[in-house]
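Working notes, beginning with the structure itself.
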Amino acid sequence: MRSIVSWFIDNPVAAKLAMFFILIAGLMTFPLLDKEFFPQIKIDLIKITVPYPGAGPEEVEKQICARIEEAVQQLGGIEEVRSVAREGFGEVIIEVKPEEDTIRILNDVKANVEAINTFPAGSERPQIVEQRFRNTIIRLQLAGDLQERELKELGETIREELAALPSVAIAELRTPRNYEVGIEISENALRDYSLTFDEVAAAIRGYSFNLPAGKIRDSGGDILLQTRAQADYAEDFNQIPLRRNADGALLRVGDVAAVVDGFEDVDIYSTLDGLPSLEIWIRNQSNPDILRTSEAVKAYVEQKSSQLPDAVSLSVWSDASVSYRGRLDTLIYNGSSGLLLVFIILLIFLRPSLAFWVCSGIAVAFMGAIWWLSFTSVSLNIISMFAFIMILGIVVDDAIIVGEAIYSQQLKHSNPRQGAIEGVMSVIAPVWFAVISTMIFFIPFFFIGDGPEPATIATPVILALVFSLFESLFLLPSHLADKGGVVVGMVKTLVTYVVSPFSRGLHYLEQRRLAVAALLPLLANTYYRRALVWTVGARKLTIVVFCFLFIFAVATVKGGWLPFSFFPRVTSDYVVAKATLPEAAPFNQIMSVANYLETSAQQIKTKVNKTYGYELVQGIHVSAYATTARITL
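The following block contains the structure:
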């Protein structure tokens, strides 16, 4: 180790090049890092849902779940299959093995399940989706005095335009009712054409469906075959043939029935400030950048709002980038303020050059950690930023210890090189083991649970400690020993040129600094030395006092005097009230609760805005669905 330290001291240009390389690599890597609110969680689940209206749980289990389980049990790459049979539908959850390709398993499951032809007649088509956890970056509210179809069509247009933006991965239109085609047949029409209702229904089922036809396997992969004849619009259903008349003319559904494009019969209510509304959610996928996505969406909203009719508004309802930017600003503020405090303390008690190089070590440690984060799966999120904030006070310790040791040895040796080597070697063992023990403490985080959160904390901490150790043991001694190098000479010349007009004032400050710095050894050799000698002489009493303080600290937490919370309460920008009624509650009763909540919210909005003198409460969103009424301010 001594030879490596000596090599860096004898080659100061190499040490400075290494420092600048790490700093530049970190600065260039920072814009390329994935930036998201929470780290992405890979679930590896496939959910199959089959509605079976009117059927009980036992019938659903036998007719739906059992047949799906039988169809997928022979597929490879499946860890576990779980089934849930409820009144009216069955649900099968397939857990994919972590090392398997979920998309490939999903395609195999679709092929096998869609090939099942023994589902009961009353069941609906299987819905097969991959379960994914995606963070919502920004939520938009589209509201206006429009008909339901007009509002949904406008929402679809906006969703497609948002999805086309380069920085937007997924745009979802939330809370609209699905389109539904209604076919109304009168008894008179059936009598006139000598038809029965079952004949019409059979004709529609026979002509409107997608039929899986297996798959073709080759070296390039699997090709799924399917016949697509599903009718989607009223005109498609109008053209379905029922029979051929005696005169050769085709009798179609449109001849005997009224086919109407409408919406499914589902009770959903959503308004923003009293106007019908829809939500558009922007979610992340791979390689997210929450800041860039938020800026792009806000720019689109500003541009699109000017193109909308007067009765329609498009606004940002929630933005996760605000909280993200707040955490990032906290990291930058804490880092810069901590850096400044360390610099001032070292400047006062040691010397300016040592203060500068020790503080530069913090930047090297952080930039090195950011540089190497790009080679891992860890993104820059609120958890990894918390890790950086947590490690901020640790990475500077080893540099301070090494720097102070070098400073003390250089006061004893006339040769700065020898003083730097002796200073490093005098503290290398405790510094090395202190940093390594901290790193070892965080290694088990990689094996905690299945989620990415523990590793998201451990990775930045370990990387920052590695670069901090490298900088303090090899680069810092080289900087402090380089008294007459080219770089140092250039810096001294520049500083002399800049501060020469203030030389008298700086000379006065330097004298005051030296006077304050002289107090440190005085305090250490008098008060601290006496206290140390006394505690060493009274070992038993010292241990008893330490144990008492430790027990007292634990008691403050256990006794509830010091509140503890793993996730502390964070003030939100939203107030949410939600009421859930019994399962059998009619929708008009749910709406009465929603109306009551809305009336109360309007009163609160008026009172709060009047109290503060401006629009503190900017909007009221009311929604009602299933058995829940919800209001958000």
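Quick note: the sequence shown uses our numbering, first residue 892, plus one each step. Just so you know, even glycine gets a beta-carbon here, dropped at the ideal spot from N, CA and C.
Taking only the alpha-carbon atoms, compute the straight-line gap between residue i and residue j and give it to the nearest angstrom.
{"i": "residue 993", "j": "residue 979", "result": "28 angstroms"}
{"i": "residue 1370", "j": "residue 1307", "result": "11 angstroms"}
{"i": "residue 1437", "j": "residue 1444", "result": "11 angstroms"}
{"i": "residue 1289", "j": "residue 1366", "result": "13 angstroms"}
{"i": "residue 989", "j": "residue 1353", "result": "26 angstroms"}
{"i": "residue 1297", "j": "residue 1318", "result": "9 angstroms"}
{"i": "residue 1029", "j": "residue 1311", "result": "53 angstroms"}
{"i": "residue 1471", "j": "residue 1480", "result": "11 angstroms"}
{"i": "residue 1489", "j": "residue 999", "result": "48 angstroms"}
{"i": "residue 1368", "j": "residue 1225", "result": "26 angstroms"}
{"i": "residue 1267", "j": "residue 1337", "result": "13 angstroms"}
{"i": "residue 1331", "j": "residue 1339", "result": "14 angstroms"}
{"i": "residue 1163", "j": "residue 1273", "result": "31 angstroms"}
{"i": "residue 1453", "j": "residue 1465", "result": "28 angstroms"}
{"i": "residue 966", "j": "residue 939", "result": "15 angstroms"}
{"i": "residue 1160", "j": "residue 1478", "result": "10 angstroms"}
{"i": "residue 1260", "j": "residue 1198", "result": "46 angstroms"}
My output table needs one value for residue i: the three-state DSSP class, helix, strand or coil.
{"i": "residue 1018", "result": "strand"}
{"i": "residue 909", "result": "helix"}
{"i": "residue 931", "result": "coil"}
{"i": "residue 1009", "result": "coil"}
{"i": "residue 1452", "result": "coil"}
{"i": "residue 1507", "result": "coil"}
{"i": "residue 1370", "result": "helix"}
{"i": "residue 1310", "result": "helix"}
{"i": "residue 946", "result": "coil"}
{"i": "residue 1032", "result": "strand"}
{"i": "residue 1059", "result": "coil"}
{"i": "residue 1187", "result": "helix"}
{"i": "residue 991", "result": "coil"}
{"i": "residue 1025", "result": "coil"}
{"i": "residue 1476", "result": "coil"}
{"i": "residue 898", "result": "helix"}
{"i": "residue 1068", "result": "coil"}
{"i": "residue 1286", "result": "helix"}
{"i": "residue 1522", "result": "strand"}
{"i": "residue 844", "result": "The requested residue 844 does not occur in the structure, where the chain is confined to residues 892 to 1524."}
{"i": "residue 1164", "result": "coil"}
{"i": "residue 980", "result": "strand"}
{"i": "residue 1073", "result": "strand"}
{"i": "residue 1152", "result": "strand"}
{"i": "residue 1134", "result": "strand"}
{"i": "residue 1515", "result": "strand"}
{"i": "residue 904", "result": "helix"}
If we call anything under 9 angstroms between Cβ atoms a contact, is residue i one with residue j?
{"i": "residue 1531", "j": "residue 1291", "result": "Any question about residue 1531 goes unanswered here, given that the chain covers just 892 to 1524."}
{"i": "residue 1508", "j": "residue 1500", "result": "yes"}
{"i": "residue 1021", "j": "residue 1067", "result": "no"}
{"i": "residue 1169", "j": "residue 1034", "result": "yes"}
{"i": "residue 1207", "j": "residue 1031", "result": "yes"}
{"i": "residue 952", "j": "residue 916", "result": "no"}
{"i": "residue 1151", "j": "residue 1091", "result": "no"}
{"i": "residue 1351", "j": "residue 1279", "result": "yes"}
{"i": "residue 1229", "j": "residue 1362", "result": "no"}
{"i": "residue 973", "j": "residue 987", "result": "no"}
{"i": "residue 1158", "j": "residue 1485", "result": "no"}
{"i": "residue 1529", "j": "residue 1180", "result": "The chain is shown only over 892 to 1524; residue 1529 falls outside these bounds and no answer can be derived."}
{"i": "residue 1053", "j": "residue 1191", "result": "yes"}
{"i": "residue 996", "j": "residue 1049", "result": "no"}
{"i": "residue 1283", "j": "residue 1326", "result": "no"}
{"i": "residue 1322", "j": "residue 1286", "result": "no"}
Quick test of your reading: residue i and residue j, contact by CB under 8 angstroms. State the CB separation rounded to the nearest angstrom.
{"i": "residue 1042", "j": "residue 1167", "result": "6 angstroms"}
{"i": "residue 1347", "j": "residue 930", "result": "5 angstroms"}
{"i": "residue 1255", "j": "residue 969", "result": "Rounded, the Cβ-Cβ distance is 48 angstroms, inconsistent with contact."}
{"i": "residue 1542", "j": "residue 1183", "result": "There is no way to answer for residue 1542, as the model of the chain reaches only from 892 to 1524."}
{"i": "residue 896", "j": "residue 1364", "result": "7 angstroms"}
{"i": "residue 954", "j": "residue 1011", "result": "5 angstroms"}
If we define contact as Cβ-Cβ less than 9 angstroms, is residue i a contact residue for chain D?
{"i": "residue 1257", "result": "Absent here is chain D; the protein component of the structure consists of one chain."}
* Evaluate contact between the stretch 1213-1225 and the stretch 1516-1524, counting only Cβ atoms and requiring at least three cross-stretch pairs below 8 angstroms. => no
* Kindly confirm or deny that the stretch 907-925 and the stretch 936-955 touch, where touching means at least three C-beta pairs closer than 8 angstroms. => no
* If we count Cβ pairs, one from each stretch, closer than 8 angstroms, do we get three or more for the stretch 1228-1246 versus the stretch 900-908? -> Output reads no: the stretch 900-908 does not touch the stretch 1228-1246.
* **the stretch 990-1005 touching the stretch 954-971, judged by at least three CB pairs closer than 8 angstroms** => yes
* **Stretch-stretch touch, CB-based, cutoff 8 angstroms, three pairs: the stretch 1043-1062 with the stretch 1180-1192** => yes
* To do: Specify whether the stretch 1007-1021 and the stretch 1133-1152 touch according to this definition: at least 3 beta carbon pairs, one from each stretch, less than 8 angstroms apart.
  => no
* To do: Tell me, please, whether the stretch 1125-1132 touches the stretch 1142-1152 by the rule of three or more beta-carbon pairs shorter than 8 angstroms.
  => yes
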